[in-house]
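*Asks:* All residue numbers for the sequence shown refer to the working numbering, where the first residue is 1 and numbers rise by one.
Every residue gets a Cβ at the ideal spot worked out from N, C-alpha and C, and that includes glycine.
Model, not experiment: these values are computed from the prediction.
To start, I am sharing the structure in question, which I have written as C-alpha cells.
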Amino acid sequence: MTASPSDNESKPDLTGIPSVFDIVFYSVTLTKRHASDIYGFIGYLLFPLILYFGIQGIPGILGDVAITAVNILFIVISCWAAAAISTLISLKAGKAHEKKQHDPRSISAHATSILGKLLFAVLLSALIQSAGYILLVVPGILATILLTFTFEEVVLRGHGPLSALAASKTRVQHQIFAIGWRLFSIAAAFIVVYATLSTAVFIVGAWITNIPVATLVTSTTPLWIDAVLTVVQLALIPPVIVAHTVLYLASSPEKE
C-alpha cells in the first residue's frame with residue numbers, strides 16, 4: 001500500500017504510547033480506511049448468529065446442545081476474524097510495511113494457520129484472569145493487564161500459547177500503568193458508545209411498538225431489536241480490535 005501525504009499525517013508515532021484519544025481516533029480512521037477488508041472478515045460472524053436465531057425454537061437437551069455448539073462456533077470464528085483484522089492492521093499501520101500490498105486471502109490463511117494455538121492461548125489467559133478475579137479482584141485486574149497482549153504475541157509474533165503469555169507479561173510489566181489505564185479507558189469509551197447506541201435502539205423500538213422502554217429492556221426483547229443490537233455490536237467489534245492492536249504496536253520501543 002502506497003501511503004498518501006494525508007495517510008502519513010494521520011499516523012501517530014508508534015514508537016511511543018499515544019494518548020487514549022489518539023489511539024481511538026487513529027483506530028476509527030484505520031477501520032474506515034480498510035472497512036471493506038475488516039468488515040469482510042467480521043461478516044463471517046453472521047453465519048453462527050443466523051444459526052443462533054434459527055435454533056431458538058429447539059426444545060430440551062437437543063436445543064441446549066445446539067446452542068452450545070453455536071456458541072463454540074461463534075468463539076472460533078471470532079478469534080479467526082480478530083486474528084485476520086489484527087494482522088491486517090499491523091501491516092497497514094506498521095511503517096516498515098506501508099508500501100506493500102497485502103492479499104486478504106493470505107491474511108485469512110495466516111489467521112487459519114495459527115487458530116489452534118490462538119484458541120489455546122486465549123483459553124489459558126481467560127482461565128488465569130478468571131482465577132484472579134475469583135480469588136481477589138486486584139490479581140484479576142493485574143492479570144488482565146499483564147496478559148492483554150497474549151493474542152497479538154500469537155498472531156503477530158508467532159509465539160506458542162505458553163510463550164505468548166510470558167511475552168505479553170514481559171512487554172507490559174515495565175509500563176503496566178501506562179498500558180493499563182489506556183486499556184481500560186479504550187474499553188470504557190466503546191462501552192459508552194455501545195450503551196448510547198443500544199439506548200437509542202430501545203427508544204426507537206418503544207416508539208414503533210408503543211411499548212414502554214423499561215418493558216422492552218426487562219421483558220423478552222423482540223427478535224428484530226435483538227437483530228439490530230447484534231448489528232451494532234458487529235459494527236463496534238472491529239475498531240476495538242484495531243485499537244488493541246494499535247496499543248500493542250505502540251507498546252514497544254522498536255518500530256513494528
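1. Could you give the DSSP three-state label for Phe-47: helix, strand or coil?
2. Restricting to Cα atoms, I'd like to know which of Gln-233, Thr-112, Val-137 is closest to Cys-79.
3. CB-CB under 6 Å to Pro-161, same chain, minus the five flanking residues each way: which ones, in chain order?
4. With respect to the alpha helix (DSSP H) encompassing Ile-67, which residues constitute its N-terminal and C-terminal limits?
5. Taking only beta-carbon atoms, is Gly-60 less than 9 Å away from chain B?
6. Within 10 Å of its beta-carbon, does Thr-218 have 16 or more other beta-carbons around it, so buried, or fewer, so exposed?
7. Let me confirm a value: Lys-99 is counted as buried when at least 16 other C-beta atoms fall within 10 Å, else exposed. Which label applies?
8. Report the residue ranges of all beta strand (DSSP E) runs contained in full by the region 135–165; include only those spanning at least 3 residues, in chain order.
9. Taking the C-alpha atoms as reference points, what is the distance between Val-155 and Ala-83?
10. Please state whether the Cβ-Cβ distance between Ile-17 and Ala-250 is less than 9 Å.
11. Go ahead and pull the three-state DSSP assignment for His-110.
12. If we count the other Cβ atoms within 10 Å of its Cβ and call it buried at 16 or more, is Gly-158 buried or exposed?
*Replies:* Reading off the structure:
1. In the sequence shown, the residue the question calls residue 47 occupies position 47. Reduced to three states, the DSSP call for Phe-47 is helix.
2. The sequence position of residue 79 within the sequence shown is 79, counting from 1. That would be Thr-112, whose Cα lies nearest to the Cα of Cys-79.
3. Counting from 1 along the sequence shown, the entry for residue 161 is found at position 161. For Pro-161, same chain residues with a beta-carbon under 6 Å away, outside a window of 5 residues either side, are Lys-117, Phe-120, Ala-121, Leu-124 in chain order.
4. Residue 67 sits at position 67 when you count from the first residue of the sequence shown. For Ile-67, the enclosing alpha helix (DSSP H) begins and ends at 60–93.
5. No chain B is part of this structure, which consists of one protein chain only.
6. As a position in the sequence shown, residue 218 is number 218, starting the count at 1. The residue is exposed, with fewer than 16 neighbouring Cβ atoms inside 10 Å.
7. Reading the sequence shown from its first residue, position 99 is the one you call residue 99. Residue placement at Lys-99 is flagged as unreliable, the pLDDT there being 45, under the threshold of 50; the coordinate-derived value follows with that caveat. Burial call: exposed.
8. Those beta strand (DSSP E) runs which fall completely within the region 135–165 and span 3+ residues do not exist here.
9. Start at 1 with the first residue of the sequence shown, and residue 155 comes out as number 155. Start at 1 with the first residue of the sequence shown, and residue 83 comes out as number 83. Rounded to whole angstroms, Val-155 to Ala-83 spans 6 Å at the Cα level.
10. If you number the sequence shown from 1, residue 17 lands on position 17. If you number the sequence shown from 1, residue 250 lands on position 250. The answer is yes: Cβ separation under 9 Å.
11. The sequence position of residue 110 within the sequence shown is 110, counting from 1. His-110 falls in the helix class under three-state DSSP.
12. Within the sequence shown, numbered from 1, the residue matching residue 158 stands at position 158. Sixteen is the threshold: since fewer than 16 other Cβ atoms of the shown chains lie within 10 Å of the Cβ of Gly-158, the residue is exposed.
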